[in-house]
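Chain order of the listed sequences is W and S.
Take the first sequence: its letters are residues 18 to 129, numbered as in the numbering used here.
Take the second sequence: its letters are residues 7 to 121, numbered as in the numbering used here.
Only one structure is covered here, and it is reproduced in the block below.
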Amino acid sequence: GDSVTQMEGPVTLSEEAFLTINCTYTATGYPSLFWYVQYPGEGLQLLLKATKADDKGSNKGFEATYRKETTSFHLEKGSVQVSDSAVYFCALRDNYGQNFVFGPGTRLSVLP
Amino acid sequence: DAMVIQNPRYQVTQFGKPVTLSCSQTLNHNVMYWYQQKSSQAPKLLFHYYDKDFNNEADTPDNFQSRRPNTSFCFLDIRSPGLGDAAMYLCATSRSTGASQGKLFFGSGTQLSVL
């Protein structure tokens, strides 16, 4: 079945550091790809998405590019802030259905 | 202006005592989901409703049931909670058509403890 793999955390960075969180997927067909963020005590929120190969999703300084050849959707941000501390989930949605598959999440801590 | 609302935020129940978690939405989305999230793990889909059609995941235990009396409300019933059912339960909605298609909107979750 479909699956999503993410780099293990936790990831600890200093403020203004560069962030990369790796995500790779296995799926049949052509899934849509997502990054969701979960702040402490809250539900998940959509951060960005891409629906086809070579699409770049971006939001709040975060970016991720849908790479079909490497089945990857790595999340990047050039300069992280303390307020970016959260758990980040990579996810896919099979275009044949309504089901979403989530990766295990990567906890990010940004220190001032 | 919360859009997906889950009540209660924290729920404590006893081993074997039935419990119901509720979810309501103001988005008029036709798809509603229940996920189980254990500490430091990915949310795991239990089931979802596509309009009135119920879709159960193959590995969801029979102990978990759901009801959707109308578009706005969806309930998760755990008939006989075990210690292993302690988790965060997340409700989410999506729209199968239109500009919001494919996006999941989550509630804040209900943290269930089983004593």
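From the three backbone atoms N, C-alpha and C, an ideal C-beta is built for every residue, glycine too.
For clarity, every value in this text was computed on a predicted model and none was experimentally measured.
- Rounded to whole angstroms, the separation of the alpha carbons of Y53 of chain W and D65 of chain S is 24 Å.
- Collapsing the DSSP output to three states places V99 of chain W in a helix.
- Identification of residues in the region 105–121 of chain S having a C-beta nearer than 7 Å to some C-beta of chain W yields G108, K109, L110, F112, G113, S114 and G115, given in sequence order.
- In this model, V97 of chain W and Y95 of chain S are separated by some 29 Å (Cα to Cα).
- For D91 of chain S, the secondary structure class from DSSP, reduced to helix, strand or coil, is helix.
- Taking every protein chain shown into account, the CB of R85 of chain S has fewer than 16 other CB atoms within 10 angstroms, so this residue is exposed.
- In this structure F90 of chain W touches C40 of chain W by the C-beta definition: roughly 5 Å separates them, less than 8 Å.
- Neighbourhood of A48 of chain S in chain W, by CB distance below 7 Å: F106, F119, G120, P121 and G122, in chain order.
- Taking one beta carbon from each stretch, the region 26–41 of chain W and the region 59–72 of chain W have fewer than 3 pairs nearer than 8 Å; the two do not touch.
- In this structure, P57 of chain W lies away from L109 of chain W, with their beta-carbon atoms at least 8 Å apart.
- Taking a beta-carbon distance threshold of 8 Å, L33 of chain S does not count as an interface residue toward chain W.
- Using a 10 angstroms sphere on the CB of G108 of chain S, the tally of other CB atoms reaches 16 or more, which defines it as buried.
- Shortest Cα-Cα distance from P129 of chain W to any of W:S20, W:A34, W:G18 and W:T22 involves W:A34.
- Under DSSP, G74 of chain W forms a beta bridge with W:A81.
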